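*Asks:* What the sequence shown shows, in the UniProt record's numbering, is residues 1 to 233, in sequence order. Here a beta-carbon is modelled for each residue, glycine too, at the ideal position from N, C-alpha and C. Keep in mind the model is a prediction, meaning the values are calculated, not measured.
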Amino acid sequence: MPYHSHGATSPYTVAQMASIDDHYPISCAFCNISKAYQPSQPSPIPTSPDPDKVSPQCHLLLSTTHILAFLDIMPIAPGHILLTTRTHYEKLTDLHAASIPSPTGSHWISNRAASTAAETALQIGAWLPRLSTALCKVTGIEDWNIVQNNGARAAQVVPHVHFHLIPRYQEGRRDIGDKAKVNEQMLKSWKMFGRGSREDLDDEEGAELASKLREALADGLALEGDKAIKAKI
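1) Between H162 and E90, is the Cβ-Cβ spacing less than 8 Å?
2) Can you give me the C-alpha to C-alpha distance between T85 and H96, rounded to a whole angstrom?
3) From this set, P75, L128, G79, D203, which residue's C-alpha is nearest D50's C-alpha?
4) Looking at A134 and L213, is the spacing between their C-beta atoms short of 8 Å?
5) Using only the alpha-carbon positions, how far apart do L201 and G220 sit?
6) Leaving out five residues on either side along the sequence, give the residues of the same chain with a beta carbon under 7 Å from the beta carbon of I166.
7) Answer with buried or exposed for I124, where buried requires no fewer than 16 other C-beta atoms within 10 angstroms of its C-beta.
8) When you compare each of S211, L223, A118, A228 to L61 by their alpha carbons, which one comes out closest?
9) Classify V138 as helix, strand or coil using the three-state DSSP reduction.
10) What whole-angstrom Cβ distance do F70 and I100 have, given they're in contact under 8 Å?
11) Assuming L217 and R130 make a contact with CB atoms under 8 Å, what is their CB distance in whole Å?
12) Hey, how far is the Cα of S110 from the Cα of E205?
13) Return the CA-CA distance between H59 and A228, expressed in angstroms with no decimal places.
14) Identify whether W190 lies in helix, strand or coil by the three-state DSSP scheme.
15) On a CA-only basis, which of P103, A36, L223, G140 is nearest P56? Give me that one, please.
16) Assign L223 to buried or exposed, taking buried as 16 or more other Cβ atoms, counted over all protein chains shown, within 10 Å of its Cβ.
17) Here's a check: name, in chain order, each residue in its chain whose Cβ is nearer than 6 Å to the Cβ of V138, leaving out the five neighbours to either side.
18) Below 8 Å between beta carbons: does that hold for A126 and A114?
19) Mapping DSSP to helix, strand and coil, what is S102?
20) Could you check where the beta strand (DSSP E) with A36 kicks off and where it finishes?
Structure (structure tokens):
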């Protein structure tokens, strides 16, 4: 299975790597983003991340030790978010397999990889509701899709585990910003699960929307903290 590692020693021979590169001639876009944006401290919500660290721009929303979230550069609708893993896993089954320590090989390396995969899965589950809440707050939507594709036949364009959070706007509702357009036919078609007639995200619009989403995420975390403190009183 093709694997684009970032920083790890490749398990493939030179001949095997040649065939892998033929299959995936470009480096993993999400691994590039993972390299460019280190975990945000002290809050996982970055304050003013530089969108030009990668090309095309990345409008970052979340950066933890195990996951990242950012705006889709070819959104189906305004506010289309991607949540991805920091470590490269091609499919969800790879994430699950990695969470089980291997009986062979280095015990320390195996346990470390398993711990990383298990924590990644936990963070995905924890942050999908938070991202959904922020998305609803900022866009005003009441309905949205969470889509996760596995493999080319399932319309997985980037072979790196990621989730789409796609707003479903009410028909006739005014869009966010003057430039944003919601393609109602697109939302009703299977094109939403892969490549289609999607337009590039406008940089200015993306920066403004990302800022609002980060603010909403930060407010949500603050509210969680307040509730936790009150629960202890």
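*Replies:* Reading it off the structure:
1) no
2) 13 Å
3) D203
4) yes
5) 26 Å
6) I76, A77, H80, W144, N145, V147, M192
7) buried
8) S211
9) helix
10) That belief does not hold up - the Cβ atoms of F70 and I100 are roughly 29 Å apart, past 8 Å.
11) 6 Å
12) 43 Å
13) 30 Å
14) With a pLDDT of 48 at W190, under the threshold of 50, the modelled position of that residue is not reliable, and the figure given next carries that caveat. In the structure shown, W190 sits in a helix (DSSP, three-state: H, G or I).
15) A36
16) exposed
17) K212, L213, A216
18) no
19) coil
20) A36 -> not in any beta strand (DSSP E); alpha helix (DSSP H) instead, spanning 29-36.
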